[in-house]
């Protein structure tokens, strides 16, 4: 190492290899760092703090109250103005009866926080599903790229043989041209695969907050990812419908409409409020000791005047509307809103049930296609080996050999597609529970 350092070189083996991330790690990163997840997390924090503030509406409110009004003698009617006034008090207000307004406020805030939590969970689930699909898509593109490079190498070897045969006169020049055209087509496919792979890599980096920008996605060690859904998977997914974020959010929205209906029904309820205050309150700011106080208390000082102005008061207010023409249609409107919310809850539940049934159907079909694709690839490869031997012996044409090669490529593509679909369904099922 010292000699290498003195020579100013760095061994190739010491170069930092790119990080590797499994599909599971990509999913976990997206569920915590995707842009929509971060926004929903901030929404949930705001709703949680609003709920915390609403839970404290049982407590009385305190405030410092004060005012100063100056009206010198000779201005306005002294009986009306009292020659000015001042007040400096500590006040407290609390409702004694409010027709359930504070309770509804607390419940509405709690419902808003619950909706925000459900939306956060839904955003995390959706981001995870998309991250799994993109990561698996990257693996698929790598699989297609490897297959195209194998095909290209096979065509290169075939081209060498055909060129030699053309030079010896046993093959026509058209065969060499045909092989070159096949190489051009595979080269074009490689460019397309590379472009799609780069686009998927950019999307995955966005979903994971940039964590995968310089990383390589690897399949992981989940041996059951290629298997069809078992009975336990189906039961778990069906049972998870009622806990899904969409259904929970719909139920919370329905509960909010029921609170609005309760408010409309109790709009004309009795409301009683209590207000207490203590402090200073006096009149006549034209002199330090008011004239009438000085007459009744000779020798009184400003401190005596403040002690006279010191006191406390209590106010009890009540209100109950007697006739409100808008009450009946308001109640009718809220009842209709409750019915609409209940219908939406039912519809969302049915939609989630259908989505789960569709997922299980796609999962089973993809697993079946994967099994068929594996068998098809084995048969296509055997067929290619047989035709290559026949072609070498002159018992088969070049077109038949190239057609057998394309069948192998098609079988590999179908296998990659089926593997992507079954693994994506596996991850979606895992995240839907």
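Residue numbers (this note's numbering): 426 to 858.
C-beta: ideal position from N, C-alpha, C; glycine also.
Next on the checklist: Considering only their Cβ atoms, is the gap separating residue 611 from residue 576 smaller than 7 angstroms?
Outcome noted: yes
Next on the checklist: Rounded to the nearest angstrom, what separates residue 697 and residue 743 at their Cα positions?
Outcome noted: 4 angstroms
Checklist entry - Hey, out of 710, 449, 445, 594, whose CA is closest to residue 497's CA? => result 710
Checklist entry - Do three or more CB pairs link the segment 681 to 700 to the segment 526 to 540 at distances below 8 angstroms? => result yes
Next on the checklist: Taking the beta carbon of residue 863 as the centre, do at least 16 other beta carbons fall within 10 Å, making it buried, or is it exposed?
Outcome noted: This structure gives no information on residue 863, because the portion of the chain shown stretches from 426 to 858.
Next on the checklist: For residue 520 and residue 655, I'd like the C-alpha separation in whole angstroms.
Outcome noted: 59 angstroms
Checklist entry - Helix or strand or just coil, what does DSSP make of residue 595? => result coil
Checklist entry - Span of the beta strand (DSSP E) holding residue 520? => result 510 to 523
Checklist entry - At which residues does the beta strand (DSSP E) containing residue 655 begin and terminate? => result Premise fails: residue 655 is in no beta strand (DSSP E) and is neither H nor E.
Checklist entry - Can you tell me the Cα-Cα spacing of residue 667 and residue 774, whole angstroms? => result 7 angstroms
Checklist entry - Mapping DSSP to helix, strand and coil, what is residue 873? => result Only positions 426 to 858 of the chain appear in this structure, which leaves residue 873 out of reach.
Checklist entry - Per DSSP, residue 743 forms a beta bridge with which residues? => result 697
Item to check | Option nearest residue 788 by Cα separation, candidates 770, 848, 705 | outcome: 848
Checklist entry - Who are residue 708's beta bridge partners in DSSP? => result 510
Next on the checklist: For residue 718, which residues in the same chain have their Cβ closer than 7 angstroms to its Cβ, ignoring the five residues on either side in sequence?
Outcome noted: 725, 730, 733
Checklist entry - Is it true that the segment 478 to 492 meets the segment 673 to 680, where meeting means three or more beta-carbon pairs spaced less than 8 angstroms apart? => result no
Item to check | Residues bridged to residue 736 (per DSSP) | outcome: DSSP lists 704 as the bridge partner or partners of residue 736.
Item to check | Where residue 751 sits in the DSSP three-state scheme | outcome: coil
Next on the checklist: Less than 7 angstroms between the beta carbons of residue 814 and residue 836, yes or no?
Outcome noted: The answer is no: Cβ separation not under 7 angstroms.
Next on the checklist: Here's a check: name, in chain order, each residue in its chain whose Cβ is nearer than 8 angstroms to the Cβ of residue 838, leaving out the five neighbours to either side.
Outcome noted: 569, 572
Next on the checklist: I believe residue 625 touches residue 566 by the beta-carbon criterion, under 8 angstroms. Please report the beta-carbon distance rounded to the nearest angstrom.
Outcome noted: Confirmed, about 7 angstroms.
Checklist entry - Excluding the five sequence neighbours on either side, which residues of its own chain have a C-beta within less than 6 angstroms of the C-beta of residue 700, listed in chain order? => result 518, 740
Checklist entry - In angstroms, rounded to a whole number, what distance separates the CA positions of residue 588 and residue 812? => result 19 angstroms
Next on the checklist: Assuming residue 836 is part of the beta strand (DSSP E), what are its boundary residues?
Outcome noted: Element bounds for residue 836: not the beta strand (DSSP E) but the alpha helix (DSSP H), 823 to 857.
Item to check | N- and C-terminal bounds of the alpha helix (DSSP H) containing residue 468 | outcome: That run of the alpha helix (DSSP H) goes 460 to 480.
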